[in-house]
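Residue numbers (the working numbering), protein chains in the order written: chain A, 21 to 275; chain B, 14 to 222; chain C, 14 to 222; chain D, 1454 to 1678; chain E, 1454 to 1678; chain F, 7 to 70.
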Ligand code: HEM
Ligand SMILES: Nc1ncnc2c1ncn2[C@@H]1O[C@H](COP(=O)(O)OP(=O)(O)OP(=O)(O)O)[C@@H](O)[C@H]1O
Ligand SMILES: Nc1ncnc2c1ncn2[C@@H]1O[C@H](COP(=O)(O)OP(=O)(O)OP(=O)(O)O)[C@@H](O)[C@H]1O
Ligand SMILES: [Mg+2]
Ligand SMILES: [Mg+2]
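Following this line, the structure appears as C-alpha cells:
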C-alpha cells in the first residue's frame, strides 16, 4: 500500500501543496511546455499569415481574428481560472491556490489588453471607429478593470495572507462578469459578432479559418500555462525571500 | 456570573505575524476568579495573544478554549477587549458612547450606564463630547464599557496607560470586583496591575527586540 | 549645544480648550540642563501645556519665552515634541522614517540615523516596515527622532507609555545625556521619568475630574 | 440582536448628522456635480435634456463613491471595528447595517432631491416620477455593493481611490438598467421597455442586498485578522 | 530648507507608490469614470465626441477631488502634521510640497494618459496636443487649489465630501477655461479663442500656485491650534 | 511578396495586431523570467548569508 492512501483528504491536499513537490514537478514540466507552446505558435502564425485565404467579406483583415479571438478567450479563461483558484483558496485554504490566482492575474490582464487593442485595430477598418460602446466591448473593458483592481488590491495590502484572502473575495464576486461578457452579445443588440465557434449546433466558421484559429488558440493556451508555472515558481521564491528576511531581523534581534 | 467553573485554556498556541513566528508552544489555563498577567519585552507578543483570545487574530496552530461558559456563544462573544486604541468617536458624548457600546455588546444600556460612569469617575463629564476629553479620560471611558456590560472574560492591553493614580485605584477596584464575581482577567502590562496573587506569564524572554 | 544660558520661561500662562479654562496663572522657568516634570490628574492640562510650548495650541493669555536660544528661530523650531500619537507611517521602513524626520527637523539624516536607532535598541529592526512594529517598538522609533536631530528643548508627553523596562532604561540614559549637554526637558507623566532632581509642576490639583 | 442592529444604524446616522451634515452634504455635492457638467459640455439645452438622466445617475454614483471609502475605515482606525466584530451580531449584519446607514445618509436624500437638478438640466417634469422610482430602486444597490469595496480596502491607508475602483465594475449593471428605465420613461419608448429595465434593476438591487453583506463580511474577515 | 521641501515630496511619492499604487491608480480611476459616462448617456459616437473634452476635464477634476481629502488628513490623524508644523519650513511651503506631490501622483499621470480615454470617446486625434496642453496647465491648478479644501477640513472626520464641496467653486474657472481651450482647438474656432483661453488658464494656474499654499497654510494654522 | 506585406490595403492594422501579438506575450515572458531569476538570486544570497543559523526561524509558517 502506498503511504498516501492512509492520509485523509485534507492531508493529501496539504501534501500536494508542499512547495518542494510543486517546485520539482513544475521544473520537470517547464521545458516541454515551452517547446509545445512556442512550436504551436510558430505553426499557427504560419497558417494565420500565409497558408490561409482572405475572407470573402472582410478581406485580409480577417487575419486579425487569429490573434484577437484567442486573446479574448484567454482573457475570460484567465479570469475563470483566477476565480476558481480563489474559491479553492477560500474553501480549502490551499496555499498554492492563492499563488495560482495571483500569478494568473497579470497574464490574464495582458491577454485582455491584447483582445482590447486588437479589437480596436479591427474595429477601425470594420466599423469605422476605434471604439464603440456596445455591451461586449464594455464588458471586456470592465474585465480589464477587474484584473487591474485585483492586482492593485494585492499590491495595496502589506501582509500576504491578508491580501490573498481579500483578493480571493474580489475575484469570486467579480466572476459574475464572465458570463455577462459571454452572453452580452445575445442579450443586447450589438455591433459585435455573436459566438460562431463554441455554440450548441457546432461551429459556423469555415474550416480553412478554423485551423489557424485552433492552432493559435492552443498555442496561446499552452503559453498561458507555461507562464503561469513560471510566475508561481517566482511567487514561491518571493515568499521564501520574505521569510528569510524576517528571520534575519529576528535572528539579529536575538543577538 | 453563575458559572464559577469557567476555565480558559490555551494549549500549544502559536502566533504568526507578517510571516514570522511571534510565539509558539504557549500553554496556560485560567479559572474563574483568577487573573493572568502577561509581561515581556516590547514585541514579545502580548498584544497579539490578547487579540487571538478576542478572535481578532488568526491562531496559527494550537487551541484556545473556554469551558463552562455559555455554550451558545463563541469565546469572543463572551469577552471584553481593550486594545491600544480606544474605539471612541469624538463627535459622540460620553454617555452616548457608553449607551451604544452597551447596546452593541449586549447589556442593559440605560440601566448600567450611570453606574459604569461613576465607577470610572466620569459622571461629571457625561454630557461632554468625547473629542474634548484628555488621553486619560478617554481611556477611562473605554474601560467603563467593561462595567456597563457583563461579560465573563476581560482582556486588557496595558489598561493603565495614561491613567492618573486615582483612576488606577478605581480600575483596581473594578477588576477585583469582577474577579470576585467569578470572572477571568487576562491583562498585558509593563507595570503593576495591582492584582495580588495573579499568575504571571512572561512572553519571549529570549527575543528581546 | 553651546548655549548654556538657555532659559524657558512661562509667566501667567492660561489655556482655554473647548471654551473652558484648563489652567491659568501658570508660571515657571527652566534653565539649561534642567528638567521640568508635569504631573496632575487626567484632564489637568499637561498635554495642553506641552502643545502650547510646541506652538501647536493657542496661548489664551500670558507669555512663553525662550531666552538664549537661536534668535533666528522660533521656540517651536527649537523644540522636539512627542505627543500621544507617534507620527509614523506603516508603509515606511524604520530607517526611512527616521531619515525623513531628521531631514525635516534639520539634522544630518544619514549620519545620525544609525546612532539614533542604536540608542533606542531598534538597530535590528531598521529595515522592517513600521506597520510590523509592536506598540512599544513604535514608541521607541518616535523617540529615536529626538536623538537623530539636535534640538535644545525636548517636550515629552508620557514618553514611557508602552515601553518595557529595558527601553525605559535607555530613555533615561538618553534624557540624562541631553540634559548634560545643556538641553531642557519638559515631560508630562503619571509615573516616574527617572530624572533625579527634576523640578515638578503639579497641575490642576483642585479640579480632579 | 435587532436592538444592536438598529443601535448601529442609529449611531451612524447621528455621526453623519454631527460631522458630515447628514444628507445635506450629499445633496449639495450632487447639485454641484450637476452644475459643473453644463460648464464642461456647453449650455445647449436640448443636449442637456438628452443626457440629463444619465448625468443624474452618474452624479448619484459618484456621490456614493465619494462617501464610501470611510465607511469601515473610520471604524477601523479608531478600533471600533474590533469591537463591532466582538458583538453578537454576525459580520454580515454589521455590514448590512452600515450599508443601510450609508443609503439613508447618501442615497435617499439624493433621490428625494433629484427633481431639483432635474429641473436645472431641463428635464421633462412628467419624467420625474419614473426617474425617481428608478433611482429609489438603484440607490440601495449602490450602498450595498459599495460596502464590498469598503470592506476590501479597510486597513489600507490610502484606500479611497482603490475602494472606488474595485466597486465601479459592480455599479455598472445598476447604472445601465437605471438609465435604461429612466430613458425609456422619458423618451416614451413602448411601456414594456421601461418596465423591463425597472424589473431588472430591482433584481440587481435585491441580489445586491444579499451579495453585498456576504461579500463585505468575507472581506472584513480577511482584513481584520 | 530645500532639502526638507524635497524630502517631503519624496516621502509623499514613496507613500503613494507603496500604498496607492502611485499614479497608476489615478489613471485607472480616470479610465473608469470615462467608461461610465457612455453607459449613462448612451453610445452615440457623435454625441460622445462632442462632449468628450468636457468629460475628460470633469473626470480629471473628480479624480483630483477624490484623492484630495486625505491629503492632510492622513498626516493629521497619525500626528505627523504636528511635526511638519514644527519644522523650519513655513507652513506655506509645507502646503506647496503636498500640492506638488498630489500633482505628481494624480494630475500628471492623468494628463499623460489622456489620449487613451480620448480615443475611446471618439475624439479627433489632431486635437490631442491642444487638449493635453490645456490639461497640463490646468492640472497643477487643481492640486494647488485643492489643498485649500484639504486644509480647511483637516481634523474633521468625514471631511471627504466637505473638502470637495469647498473646493469645487475654485475649480470652476479652471474647468471653464480648460474646456474652452480644448474645444476651441478641437472644433476649429478662430485661432485667437484657443490662445486666449489657454492664456487665461495659465493665469489662473499661476495665481493658484500662490493663492493655494497661502490659503491652505492659513487654514492649517486655524485648524491646528 | 509585396502583396503579402500589403495585406489588401490593411497592412497598418494587420501588422500592428501581429506585432502586438508577439510583443505583449514576449514582454510578459521576459518579465516573468526575470522576476524568477531575481527571486532565485535573492534566496541564494540570503541562504548563504544565513548559513544554518536561522533555519529554525525560517521554516515556512504553518497557516500558509
Ligand atoms: C475592442 C474591441 C473588441 C473587444 C473587446 C472584443 C471582444 C471579444 C471577445 C471577448 C470575444 C470572445 C467571445 C466569446 O467567445 O464568447 C470576441 C470574439 C470575436 N470577436 Fe471581438 N472584440 C472586439 C472587436 C471586434 C471586432 C472589431 C471584430 C470584427 C469585426 C470582432 C470579431 C470577433 C469575432 C469574429 C469573434 C469570434 C466569435 C466567436 O467565434 O465566438 N471583434 N471578441
Ligand atoms: N480637543 C479638545 N477640545 C476641547 N477640550 C479639550 C480638548 N482636548 C482636551 N480638552 C480638555 O482640556 C483639558 C486638559 O486636557 P489635557 O489633554 O491637556 O489633559 P492632560 O493633563 O494631558 O490629561 P491626561 O493625563 O489624561 O493626558 C481637559 O479637561 C480636556 O477635557
Ligand atoms: N500588524 C503587524 N504585522 C506584522 N507583524 C506585526 C504586526 N503587529 C505586530 N507585529 C509583530 O509581532 C510581534 C508581537 O507584537 P505585539 O504587538 O504582540 O507585541 P507586544 O508584546 O504587545 O509589544 P508591546 O509591549 O510593544 O506592546 C512584534 O515582533 C511585531 O513586530
Ligand atoms: Mg502591545
Ligand atoms: Mg495628556
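Ideal placement from N, C-alpha and C gives every residue a C-beta, glycine not left out.
query = Do residue 207 of chain B and residue 46 of chain B come within 9 Å of each other at the CB atom, strictly closer than that value?
reply = Sequence index remark: in the second chain, residue 46 of chain B carries index 33 (1-based). Sequence index remark: in the second chain, residue 207 of chain B carries index 194 (1-based). Result no, Cβ atoms of residue 46 of chain B and residue 207 of chain B do not sit closer than 9 Å.
Positions along the region 32-47 of chain B whose CB lies within less than 9 Å of some CB in chain A = 32, 33 and 34
inquiry  = Per the DSSP calculation, residue 166 of chain B is bridged to which residue(s)?
reply    = As a position in the second chain, residue 166 of chain B is number 153, starting the count at 1. Its beta-bridge partners are B/92 and B/197.
inquiry  = Just to make sure I have the definition right: I need the residues of chain C whose C-beta is within less than 9 Å of the C-beta of residue 178 of chain A. Which are they?
reply    = Here residue 178 of chain A corresponds to residue number 158 of the first chain, with the count starting at 1. Under the 9 Å cutoff, chain C gives 103, 104, 142, 144 and 145.
ask   = So with Cβ pairs under 9 Å, would you call residue 15 of chain C a contact of chain B?
value = What you label residue 15 of chain C is simply residue 2 of the third chain in a count that begins at 1. Reliability of the predicted coordinates at residue 15 of chain C is poor, the pLDDT of 49 falling under 50, and the value obtained from them is presented with this limitation in mind. Residue 15 of chain C does not count as touching chain B.
query = What does a CB cutoff of less than 6 Å around residue 1568 of chain D pick up in its chain, not counting 5 residues either side in sequence?
reply = In the fourth chain, counting from the first residue as 1, residue 1568 of chain D sits at position 115. The answer, listed in chain order, is 1581.
query = Could you check where the alpha helix (DSSP H) with residue 1455 of chain D kicks off and where it finishes?
reply = Residue numbering aside, residue 1455 of chain D sits at position 2 when the fourth chain is read from its first letter. It spans 1455-1472 - the alpha helix (DSSP H) in which residue 1455 of chain D sits, taken as one unbroken run.
query = Within the chosen definition, does the region 1545-1565 of chain D reach the region 1464-1484 of chain E through at least 3 CB pairs nearer than 8 Å?
reply = Below 8 Å, too few C-beta pairs join the region 1545-1565 of chain D and the region 1464-1484 of chain E to call them touching: fewer than three.
ask   = Listing by chain order, which chain D residues have their CB less than 8 Å from the CB of residue 1530 of chain E?
value = Working through the fifth chain from its first residue, we reach residue 1530 of chain E at position 77. By Cβ distance, chain D contributes 1530.
DSSP state of residue 25 of chain C mapped onto helix, strand, coil = As a working mapping, residue 25 of chain C is identified with position 12 in the third chain. Here residue 25 of chain C sits in strand by DSSP.
query = Given residue 1465 of chain D, which residues of its chain have a CB within under 6 Å of its CB, disregarding the five upstream and five downstream residues?
reply = Reading the fourth chain from its first residue, position 12 is the one you call residue 1465 of chain D. Result list for residue 1465 of chain D: 1554, in chain order.
inquiry  = Let me check you understand the geometry: is the CB of residue 170 of chain C closer than 8 Å to at least one non-hydrogen atom of ligand 5?
reply    = Sequence index remark: in the third chain, residue 170 of chain C carries index 157 (1-based). The answer is yes for residue 170 of chain C.
query = Is residue 91 of chain A near ligand 7, judged by its Cβ being under 8 Å from some heavy atom?
reply = Among the ligands modelled here, namely ligand 1, ligand 2, ligand 3, ligand 4 and ligand 5, ligand 7 does not occur.
Euclidean distance between Cα positions of residue 177 of chain A and residue 104 of chain C = Counted from its first residue, the first chain places residue 177 of chain A at position 157. Counted from its first residue, the third chain places residue 104 of chain C at position 91. Those two C-alpha atoms are separated by around 10 Å.
Burial state of residue 85 of chain C, where buried means 16 or more other Cβ atoms lie within 10 Å = Start at 1 with the first residue of the third chain, and residue 85 of chain C comes out as number 72. Answer is exposed; the Cβ neighbour count stays below 16.
ask   = Name the chain A residues that come within less than 9 Å of residue 1539 of chain E, Cβ to Cβ?
value = Here the question's residue 1539 of chain E lines up with position 86 in the fifth chain. Within 9 Å Cβ-Cβ: nothing; residue 1539 of chain E doesn't reach chain A, min ~29 Å.
request  = Please check the pair residue 70 of chain C and residue 1678 of chain E, which I expect to be a contact at CB under 8 Å, by giving their CB distance rounded to whole angstroms.
outcome  = In the third chain, the residue the question calls residue 70 of chain C occupies position 57. In the fifth chain, the residue the question calls residue 1678 of chain E occupies position 225. The Cβ separation is near 6 Å, so the contact holds.
ask   = CB residue 102 of chain A to CB residue 191 of chain A, shorter than 9 Å?
value = Mapped onto the first chain, residue 102 of chain A falls at position 82. Mapped onto the first chain, residue 191 of chain A falls at position 171. A contact, by the Cβ cut-off of 9 Å.
task = Would you check whether ligand 5 has a heavy atom nearer than 8 Å to the C-beta of residue 97 of chain C?
result = If you number the third chain from 1, residue 97 of chain C lands on position 84. With a cut-off of 8 Å, the C-beta of residue 97 of chain C is classified as near ligand 5, since at least one heavy atom of the ligand falls inside that distance.
request  = Kindly identify the DSSP beta-bridge partner or partners of residue 34 of chain C.
outcome  = For the purposes of this step, residue 34 of chain C is identified with residue 21 of the third chain, where counting begins at 1. Per DSSP, C/29.
request  = Would you give the residue range spanned by the alpha helix (DSSP H) that residue 132 of chain C belongs to?
outcome  = For the purposes of this step, residue 132 of chain C is taken as residue 119 along the third chain, with counting starting at 1. If you look at residue 132 of chain C, you'll find it in the alpha helix (DSSP H) that goes 122-132.
ask   = How about residue 64 of chain C and residue 96 of chain C: do their beta carbons lie closer than 9 Å?
value = The residue labelled residue 64 of chain C in the question sits at position 51 within the third chain. The residue labelled residue 96 of chain C in the question sits at position 83 within the third chain. Contact flag set, yes.
message = Cutting at 8 Å between CB atoms, please list the residues of its own chain near residue 157 of chain C, excluding the five before and the five after it.
response = Here residue 157 of chain C is taken as the residue at index 144 of the third chain, counted from 1. Taking residue 157 of chain C as the centre and dropping the five residues before and after it, the same chain places the C-beta of 111, 129, 130, 132, 133 and 135 closer than 8 Å to its C-beta, in chain order.
query = In or out: residue 72 of chain A buried (at least 16 other Cβ within 10 Å) or exposed?
reply = The count along the first chain starts at 1 and reaches residue 72 of chain A at position 52. Buried, since its Cβ has 16 or more Cβ neighbours within 10 Å.
key: Which of helix, strand or coil DSSP assigns to residue 1490 of chain E   = Position 37 of the fifth chain, counting from 1, holds the residue named residue 1490 of chain E. DSSP places residue 1490 of chain E in the helix class (H, G or I) of the three-state scheme.
query = Going straight from the alpha carbon of residue 34 of chain A to that of residue 114 of chain A, what length do you get?
reply = As a working note, residue 34 of chain A is residue 14 in the first chain. As a working note, residue 114 of chain A is residue 94 in the first chain. Any answer about residue 34 of chain A is weak, because its pLDDT of 48 lies below 50 and its placement is not dependable; what the coordinates show is given next. Note on geometry: alpha-carbon atoms of residue 34 of chain A and residue 114 of chain A lie some 7 Å from one another.
request  = Grab the span of the alpha helix (DSSP H) containing residue 1596 of chain E for me, first residue to last.
outcome  = Working through the fifth chain from its first residue, we reach residue 1596 of chain E at position 143. Its alpha helix (DSSP H) spans residues 1581-1605.
request  = Using the Cα positions of residue 1457 of chain E and residue 151 of chain A, report the straight-line distance between them to the nearest angstrom.
outcome  = The residue you call residue 1457 of chain E lines up with position 4 of the fifth chain. The residue you call residue 151 of chain A lines up with position 131 of the first chain. Looking at the two C-alpha atoms, the distance is approximately 47 Å.
request  = May I ask you to list the residues that DSSP assigns as paired with residue 80 of chain B?
outcome  = Residue mapping note: residue 80 of chain B aligns to position 67 of the second chain, counting from 1. In the DSSP output, where bridge partners are listed per residue, residue 80 of chain B has B/20.
task = Using a Cβ cut-off of 9 Å (strictly closer), state whether residue 113 of chain C contacts chain E.
result = Against the third chain, residue 113 of chain C aligns to sequence position 100. Taking Cβ atoms only, chain E reaches closer than 9 Å to residue 113 of chain C, which makes this a yes.
Given residue 215 of chain B as reference, the closest of B/58, B/44, B/171 and B/187 once Cα atoms are compared = On the second chain, residue 215 of chain B is found 202 positions in, with the first residue counted as 1. Of the candidates B/58, B/44, B/171 and B/187, the one whose C-alpha sits nearest the C-alpha of residue 215 of chain B is B/58.
query = Are the C-beta of residue 1654 of chain E and some C-beta of chain A separated by less than 9 Å?
reply = Looking up residue 1654 of chain E in the fifth chain gives position 201. Judged by the 9 Å Cβ criterion, residue 1654 of chain E is not in contact with chain A.
key: Span of the beta strand (DSSP E), counted from its first residue to its last, around residue 175 of chain B   = Counting from 1 along the second chain, the entry for residue 175 of chain B is found at position 162. First-last for residue 175 of chain B: undefined, no H or E at that position.
ask   = Heavy atom of ligand 4 less than 8 Å from the Cβ of residue 1742 of chain E, yes or no?
value = Only positions 1454 to 1678 of chain E appear in this structure, which leaves residue 1742 of chain E out of reach.
request  = Going by CA-CA distance only, name the one from D/1631, D/1630, D/1622 and D/1634 that's closest to residue 196 of chain A.
outcome  = Counting from one through the first chain, the residue named residue 196 of chain A turns up at place 176. Of the candidates D/1631, D/1630, D/1622 and D/1634, the one whose C-alpha sits nearest the C-alpha of residue 196 of chain A is D/1622.
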